[in-house]
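Novice: The structure's right below; bear with me while I get my questions together.
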Amino acid sequence: MACNAHVIRKNATHVFGVTAGAVEYMAGEGNGIVMKNPTIALDRFNPELYPNKNTDGTIRMIMVGSFSERKNQKFSIEILRELCKTRPDSTLTLIGYPRSPKEPYLEQMKQMIKDYDLENNVQFLPQDADIPLAMSESTFLMMPSVQEGLPNVALEAQAMGLPCYVSSDVSTECDCGLCHFLPLEKGAAYWAETLIEHVNKHGFEKKYLDMSEWDNEKICEDYLEYYRGNK
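Residue numbers (the working numbering): 1385 to 1615.
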């Protein structure tokens, strides 16, 4: 990566990055341009298309992403285990895929679910599932990643009005108003307690944000302005 950064700094006329940290790494301090990625198809991630189906008092967590140590789905399973001690109807929906055919992480997840007797509380959906629909049926997006840049899924969840509980190791630049950052070091019981406190205080209310600045079409047009030499 150091070589790539050196080549970019030497040859690029413009350096774009999705976070300030990425821009500084690739272009050097004080250089480069922070630009949003084409991120959200607001014609799909539109809460007006989906009635709020989460009205029965059940805490429903959702995770979207490849099944891997970095994404840390095991931690969400631990949170579910803690939730079920006081709210046994709580659920976790996992949408994704193993990073490689030999990836053992998925089998480890399934073994945890079996060991904790959570088979009836966990649902696996394929990566091509209807994610906006699944989000509309959920209470929280979980993102206990041990490492992450700017996660698109957190932006999509916020477009759907979904509160996001996110590891403090994730860039805060994904926060549009609905992200709550917690340290992994606090443990799953602390995270579960925080989710219950959220529900006790706010119920299952969803807050809908203006996410138009993240819309695919708008961002693509911004990039085109640079290519046309207008910026």
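Glycine included, each C-beta is placed from N, C-alpha and C at the ideal position.
Please read all numbers here as calculations on a predicted model, not as lab measurements.
1) Distance, Cα to Cα, Val1399 vs Glu1609?
2) Should Thr1477 go down as buried or exposed, given a rule of 16 or more other Cβ atoms within 10 Å for buried?
3) Just tell me which of Asn1388, Phe1524, Ile1497 has its CA closest to the CA of Thr1578.
4) Leaving out five residues on either side along the sequence, give the residues of the same chain with a beta carbon under 8 Å from the beta carbon of Gln1492.
5) For Thr1442, which three-state DSSP category applies?
6) List the whole-angstrom C-beta distance separating Leu1568 from Ser1555, where the pair is believed to meet the contact cut-off of C-beta under 8 Å.
7) Do you know how far the Cα of Asp1594 is from the Cα of Gln1507?
8) What ranges does the beta strand (DSSP E) occupy inside the region 1525-1557, keeping only unbroken runs of at least 3 residues that lie completely in it?
9) Extract the residue ranges of the alpha helix (DSSP H) inside the region 1443-1472, only unbroken runs of 4 or more that lie entirely within it.
10) By Cβ distance below 6 Å, which residues in the same chain neighbour Leu1417 in space, the five residues on each side in sequence not counted?
11) Please state the DSSP three-state secondary structure of Cys1604.
12) Under three-state DSSP, which class holds Met1385?
13) Tell me the rounded alpha-carbon separation between Ser1552 and Phe1565.
14) Apart from the five residues just before and just after Ser1452, which ones in its own chain have a Cβ nearer than 6 Å to its Cβ?
15) If you count every other CB in all the chains shown that lies within 10 Å of the CB of Asn1436, and 16 or more means buried, which is it?
16) I'd like to confirm the pairing. Which residues does DSSP put opposite His1564 in its beta bridges?
17) Among Tyr1574, Pro1510, Asp1606, Phe1588, which has the Cα closest to the Cα of Gly1441?
Specialist: In short:
1) 15 Å
2) buried
3) Phe1524
4) Lys1458
5) coil
6) At roughly 15 Å, the Cβ-Cβ gap does not stay under 8 Å, so Leu1568 and Ser1555 are not in contact.
7) 30 Å
8) 1548-1551
9) 1457-1470
10) Residue 1417 is actually Ile in this sequence, not Leu. Hits under 6 Å: Phe1400.
11) helix
12) A caution first: Met1385 carries a pLDDT of 42, below 50, which makes its placement in the model unreliable, though a value can still be read off. In the structure shown, Met1385 sits in coil (DSSP, three-state: anything other than H, G, I, E or B).
13) 5 Å
14) Arg1483, Tyr1489
15) exposed
16) Tyr1549
17) Phe1588
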